[in-house]
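Right, one structure below, let's go through it.
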Amino acid sequence: MVPVNTYRVAIVGTGEIASEHAAALRRLSDRARLVGAVDVDEARVAEFARRWDVPSSFEALTRLLASETLDVVHICTPPSTHVPLALECLSAGVVPLLEKPPALSLEQLDALLDAERRSGVPVAVVFQHRFGGVPVRLREAPTRAALGRPLVATCNTLWFRDDEYYATPWRGSWASEGGGPTMGHGIHQFDLLLSILGDWQLVTALAGRQSRPTETEDVSAAVVRFANGAIATILNSLVSIRETSYLRIDYENATVELEHLYGYTDADWRVTGLDGRALPALTASREGAETSSHVSQLRAVLDALDRGDAPPSPSPTPAGRSSWRQRSTHPRSAAGRFAPATSRRAPLLLEHAGHGCPVARCRSTGWLRSRRARPSGPCRRRTSNGWRS
Ligand SMILES: NC(=O)c1ccc[n+]([C@@H]2O[C@H](COP(=O)([O-])OP(=O)(O)OC[C@H]3O[C@@H](n4cnc5c(N)ncnc54)[C@H](O)[C@@H]3O)[C@@H](O)[C@H]2O)c1
1 MVPVNTYRVA IVGTGEIASE HAAALRRLSD RARLVGAVDV DEARVAEFAR
51 RWDVPSSFEA LTRLLASETL DVVHICTPPS THVPLALECL SAGVVPLLEK
101 PPALSLEQLD ALLDAERRSG VPVAVVFQHR FGGVPVRLRE APTRAALGRP
151 LVATCNTLWF RDDEYYATPW RGSWASEGGG PTMGHGIHQF DLLLSILGDW
201 QLVTALAGRQ SRPTETEDVS AAVVRFANGA IATILNSLVS IRETSYLRID
251 YENATVELEH LYGYTDADWR VTGLDGRALP ALTASREGAE TSSHVSQLRA
301 VLDALDRGDA PPSPSPTPAG RSSWRQRSTH PRSAAGRFAP ATSRRAPLLL
351 EHAGHGCPVA RCRSTGWLRS RRARPSGPCR RRTSNGWRS
């Protein structure tokens with residue numbers, strides 16, 4: 001697709017993940033220009049602006065919005081700040097591109113969706129694993145027809161974080177992070193599963209604190225039935241010494257598997273077909289679409305904005321959401337399937353982490369169409385304390 005616009009972009013929160021965003025914007029510099037940065041930490045934002053050549057920096061989003069004309073703001077702050085900052089962007093008519101998780105509760109999510117509807121400005125959320133080449137092909141109708149019905153799936157995010165990881169003040173509390181590996185880590189992989197298999201209808205889940213000094217869970221497990229009838233298990237862990245991210249879907253005609261850690265290429269996928277059955281070339285690279293990264297998601301977001309569409313994202317069903325709201329409020333109503341105290345949170349977390357993402361509801365793109373077109377002017381990462389996310 002030929003780029004149409006050059007978007008004016010700012011980043012709020014200039015910590016670890018912000019560099020990934022700045023690098024993605026640099027890769028797509030003919031389509032988006034990083035014109036501002038914000039952080040409550042004055043020294044950090046100054047250093048970030050110097051490193052990435054950002055012309056203006058501020059200590060509050062309010063001041064940025066008052067000073068700059070912007071199209072998109074990347075929100076890279078701790079999870080509890082995502083919704084308030086996104087609401088500010090929507091009020092200013094600017095698209096917020098939120099890091100995951102978009103919200104900490106269904107109430108917050110509803111407030112965000114409501115503001116999105118009222119403003120007519122779409123909200124986008126970073127779930128970069130949807131945007132590698134193979135999932136894009138798996139979602140296409142001819143591939144789906146060739147693979148047959150999805151029958152059973154496994155989705156494991158088995159990662160390791162030591163006690164020191166929780167020294168970052170916002171990690172590990174319900175109030176600031178909203179959950180453990182369910183909201184912050186496995187969220188990527190089960191979001192990918194959802195993007196391929198569609199909406200789930202039933203979730204039974206457990207969560208527990210097995211080892212880490214955290215208020216939230218460090219392990220969660222769920223059994224899920226999708227609307228299409230497929231049954232899946234989902235395991236999210238931060239206590240697993242041999243780390244892996246593993247996804248497997250058994251279709252009628254083939255088994256499709258992915259094994260990676262923090263980001264994949266086409267080469268990390270494996271397809272095993274039923275004897276003699278012709279299958280589509282799932283892992284044949286297409287230019288620019290083969291990796292899962294902030295670059296591939298940002299490219300898809302900019303493509304959508306160029307077309308005047310809402311950015312591509314998860315698709316929650318109102319029915320699924322409301323049934324989960326009910327279960328979350330009355331956890332024991334599911335015949336004892338919700339066991340220890342924190343397990344009551346797991347279905348709620350799973351629901352709004354992977355399933356309740358705002359963007360699918362934002363089909364109101366009048367804002368985008370009315371904007372004046374301007375002339376065009378490796379995901380694997382370890383942070384300074386050693387870990388991603
Ligand atoms: N998509 C991914 O692969 C991925 C990977 C890592 C982190 N993340 C997500 O990115 C977000 C940030 O994570 P991080 O590791 O970069 O955190 P971090 O702590 O390294 O950085 C957050 C920054 O935000 C700043 N900040 C806090 N409140 C602010 C506010 N109100 N206004 C402006 N700045 C504010 C902090 O001073 C800090 O510099 C989290 O939601 C996390 O889950 C996503």
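Per full-length UniProt numbering, the sequence shown starts with residue 1, numbered consecutively.
Note that CB positions come from ideal geometry on N, CA and C, so glycine has one too.
The structure presented is a predicted model; accordingly, all values stated were derived computationally and were not measured.
Can you tell me whether residue i is helix, strand or coil according to DSSP?
{"i": "residue 11", "result": "strand"}
{"i": "residue 266", "result": "helix"}
{"i": "residue 170", "result": "coil"}
{"i": "residue 35", "result": "strand"}
{"i": "residue 68", "result": "coil"}
{"i": "residue 6", "result": "coil"}
{"i": "residue 40", "result": "coil"}
{"i": "residue 62", "result": "helix"}
{"i": "residue 54", "result": "coil"}
{"i": "residue 310", "result": "coil"}
{"i": "residue 47", "result": "helix"}
{"i": "residue 272", "result": "strand"}
{"i": "residue 261", "result": "coil"}
Could you tell me whether any non-hydrogen atom of ligand 1 is closer than 6 angstroms to the CB of residue i?
{"i": "residue 81", "result": "yes"}
{"i": "residue 107", "result": "no"}
{"i": "residue 184", "result": "yes"}
{"i": "residue 39", "result": "yes"}
{"i": "residue 164", "result": "no"}
{"i": "residue 76", "result": "yes"}
{"i": "residue 68", "result": "no"}
{"i": "residue 301", "result": "no"}
{"i": "residue 11", "result": "no"}
{"i": "residue 44", "result": "yes"}
{"i": "residue 15", "result": "yes"}
{"i": "residue 54", "result": "no"}
{"i": "residue 126", "result": "yes"}
{"i": "residue 99", "result": "yes"}
Return the first residue and the last residue of the alpha helix (DSSP H) that residue i is part of.
{"i": "residue 301", "result": "294-307"}
{"i": "residue 19", "result": "16-27"}
Given residue i, which residues of its chain have a CB within under 7 angstroms of its CB, disregarding the five upstream and five downstream residues?
{"i": "residue 103", "result": "82, 83, 109, 112, 352"}
{"i": "residue 292", "result": "128, 129, 131, 132, 263, 264, 379"}
{"i": "residue 21", "result": "11, 74, 76, 294"}
{"i": "residue 64", "result": "10, 36, 38, 58"}
{"i": "residue 17", "result": "76, 99"}
{"i": "residue 177", "result": "79, 170, 171, 183, 184, 216"}
{"i": "residue 174", "result": "215, 216"}
{"i": "residue 268", "result": "258, 259, 260"}
{"i": "residue 210", "result": "218, 219, 239"}
{"i": "residue 272", "result": "254, 255"}
Could you give the residue range of the beta strand (DSSP E) that holds residue i?
{"i": "residue 208", "result": "200-208"}
For residue i, collect the residues of the same chain with a Cβ closer than 6 angstroms to its Cβ; drop the 5 residues on either side in sequence, then sort them by chain order.
{"i": "residue 248", "result": "154, 257"}
{"i": "residue 7", "result": "32, 71, 72"}
{"i": "residue 250", "result": "151, 152"}
{"i": "residue 44", "result": "14"}
{"i": "residue 221", "result": "206, 235"}
{"i": "residue 253", "result": "147, 148, 274, 277"}
{"i": "residue 124", "result": "97, 301, 311, 359"}
{"i": "residue 201", "result": "225, 227"}
{"i": "residue 54", "result": "34, 37"}
{"i": "residue 280", "result": "143, 146"}
{"i": "residue 231", "result": "152, 225"}
{"i": "residue 160", "result": "240, 241, 243"}
{"i": "residue 138", "result": "196"}
Here's a check: name, in chain order, each residue in its chain whose Cβ is nearer than 8 angstroms to the Cβ of residue i, leaving out the five neighbours to either side.
{"i": "residue 172", "result": "166, 180, 212, 213, 214, 215, 216"}
Curious, which full-length alpha helix (DSSP H) runs of at least 4 residues does the stretch 76-135 contain? 82-91, 106-119
Complete runs of the alpha helix (DSSP H) confined to the UniProt domain "GFO/IDH/MocA-like oxidoreductase" (138-254) [at least 4 residues]: 141-147, 174-177, 181-184, 187-197
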